[in-house]
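**Student:**
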Amino acid sequence: MIQVCSQCGTRWNVRDRQRSWCPRCNGALMAPVNPPDPRWSPGATSHPPSRPPAPQRGAPRLPSGFRWIAVRPGPPPPARRRRRPLGPTPRYTYIPRWGLADHVMPVATGDDGAVKKGPAAVTVRAALLSAVTIFGLAAAIHIVRYVLLLINRTSLLPPLVAGAALWLGVLVSLAAIVAVILTAVVTTSWLIARRAAVYQHLGQDDPRPAWALWAGCLVPVANLVWAPVYLIELAHAEQTQARLRGPIAAWWIAWILSTAVSIFSIATSFTTKPQGIADNTVTAIVAYLLGAGVLVLLWQVFDAFVRKPVERPLHRWVMVGAEQPKPAAPESPPAVETDQQEPAA
């Protein structure tokens, strides 16, 4: 069976198997010739011309079996590579230990006094819990006072009940002020110790002096700006600003609103008119409830900081073995004929 190359014109004896590409120039082989030309049979002495004859103007049409085909220039497209088998799924008869080793860093004996002076997490939570309880109790007592004011519009109250409602309101207000001061001192002490530990872990010194931190967290009205700024700086130093941005913003907004309501309640507490006293009681109830909400939000911010220790990194890296990629051997196109044989006619 003879096939002619459409580019170089070489005739190839492909035996009894049809081929597609020319071994010499990688051109497309035309359809086999049946029967083959005896001049180009394997026993003929003449050799095929190196170039196809030039077409002539009145040349007859191509015999049956020949047709023009469109092929892309260049070599044939490479064969698709077969995917390497992945092999069996790895199984362990024991728990692997290569990713569970935590290297404990030795505790440095230097400026750790600033870290040890800070209050424990239990102390901070106890201060916040007591302050929230006192604020809730103060709101409940002022609600009872408002109900007694409504009753007093139509009937007189016993002197004992009126005196108890008055002095209980005063005492619980003083207790709320003391709780706020103690909570501010405890949380500020924890903030200073936390900042010192974080910056010491980073090998730096706290850019804010201790007196600036105390003043920025304890001075009224000024702490509305500086205390959240100090917390944001601490979150940036710990690289947890993305996780703590929401809780800090919510606590900051609630604190500003609660401070505004508290200032308005104190400013309207000197009235002597019955309606003014009732309005001031309602304002105090709202102020105490907002204050309790601010303390709860502060508790959430504190837990978010404490949940991540200073020495523990934010990300945990696991060592895995890197497999060296093996260079893929180039796949040669399949041979037209077997070795030690010349297929050309």
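The numbering of the sequence shown is this note's numbering, which starts it at 91 and goes up by one. Where a beta carbon is used, it is the ideal one built from N, C-alpha and C, also for glycine.
1) Quick check on Asp-296: buried or exposed, where buried means 16 or more other Cβ atoms within 10 Å of its Cβ?
2) What residue does the alpha helix (DSSP H) around Asn-370 start on, and which one ends it?
3) Residue range of the alpha helix (DSSP H) that Ile-241 falls in?
4) Considering Asn-313, what are the terminal residues of the alpha helix (DSSP H) in which it resides?
5) Considering only residues of the same chain and omitting the five flanking positions on each side of Asn-370, which have a CB-CB separation below 8 Å?
6) Would you mind reading off the limits of the beta strand (DSSP E) that contains Arg-101?
7) Looking only at its own chain, which residues have a Cβ that is under 6 Å from the Cβ of Leu-321, when we skip the five neighbours before and after it?
8) Using three-state DSSP, classify Leu-250 as helix, strand or coil.
9) Could you give the C-beta distance for Val-214 and Thr-278, rounded to a whole number, given that I count them as a contact under 8 Å?
10) What do you reckon, are the CB atoms on Leu-334 and Val-288 nearer than 8 Å?
11) Please report the distance separating the alpha-carbon of Phe-241 from that of Leu-247.
12) Output yes or no for whether 8 Å exceeds the beta carbon distance between Gly-208 and Ala-300.
13) Just list the residues that DSSP pairs Val-94 with in beta bridges.
14) Please determine if the region 377-387 and the region 218-236 are in contact, where contact requires at least 3 C-beta pairs separated by less than 8 Å.
15) So what does DSSP say about Ser-131, is it helix, strand or coil?
16) How is Ala-118 classed by DSSP in three states: helix, strand or coil?
17) Compare the beta carbon distance of Val-270 and Ala-221 with 8 Å and say whether it is the shorter of the two.
18) What are the start and end residues of the alpha helix (DSSP H) that includes Val-309?
19) How about Gly-253 and Arg-235: are their beta carbons less than 8 Å apart?
20) With a 10 Å radius around its C-beta and 16 neighbouring C-beta atoms as the bar for buried, classify Val-262 as buried or exposed.
21) Determine whether the beta carbon atoms of Ala-229 and Leu-347 lie at a separation below 8 Å.
22) Does the beta-carbon of His-232 have 16 or more other beta-carbons within 10 angstroms, so that it is buried, or is it exposed?
23) Ala-332 lies in the alpha helix (DSSP H); which residues open and close that run?
24) Out of Arg-105, Val-94, Asn-103 and Ala-216, point me to the one whose CA is closest to Ala-118's CA.
25) What are the start and end residues of each continuous alpha helix (DSSP H) run of 4 or more residues lying completely inside the region 272-308, in chain order?
26) Bridge partners of Trp-111, per DSSP?
27) Buried or exposed for Pro-364, going by 16 or more other Cβ atoms inside 10 Å?
28) Can you give me the Cβ contacts of Leu-314 inside the same chain, cut-off strictly under 7 Å, excluding the 5 residues immediately before and after it?
29) Only counting the same chain, and skipping five residues up and downstream in sequence, which positions put a Cβ closer than 6 Å to that of Ala-377?
30) Checking 8 Å against the spacing of the C-beta atoms, do Asn-116 and Pro-166 come in under that value?
31) Given a cut-off of 8 Å on the beta-carbon distance, is the pair Leu-281 and Ala-255 in contact?
32) Determine the DSSP secondary structure at Ser-263, reduced to helix, strand or coil.
33) Suppose the cutoff is 6 Å on Cβ atoms and the five residues either side in sequence are ignored; what does the same chain contact list for Trp-316 look like?
34) Which value, in whole angstroms, describes the spacing of the CA atoms of Cys-98 and Cys-112?
**Tutor:** Taking the definition as stated:
1) buried
2) 364-396
3) 211-241
4) 313-328
5) Ser-355, Thr-358, Ser-359 and Thr-361
6) 101-103
7) Ile-338
8) helix
9) Going by Cβ atoms, the distance from Val-214 to Thr-278 rounds to 10 Å, so no, they are not a contact pair.
10) no
11) According to the sequence shown, residue 241 is Ile rather than Phe. The alpha-carbon atoms of Ile-241 and Leu-247 are separated by roughly 8 Å.
12) no
13) Arg-101
14) yes
15) Only weak support is given to the placement of Ser-131: the predicted model assigns it a pLDDT of 48, under 50, and the value that follows is read from those uncertain coordinates. Ser-131 falls in the coil class under three-state DSSP.
16) strand
17) yes
18) Looking at the DSSP string, Val-309 is not in any alpha helix (DSSP H), and its letter there is neither H nor E.
19) no
20) buried
21) no
22) buried
23) 331-357
24) Val-94
25) 300-308
26) Ala-118
27) exposed
28) Trp-345, Ile-346 and Thr-349
29) Val-351, Ser-352 and Ser-355
30) yes
31) no
32) helix
33) Gly-306
34) 9 Å
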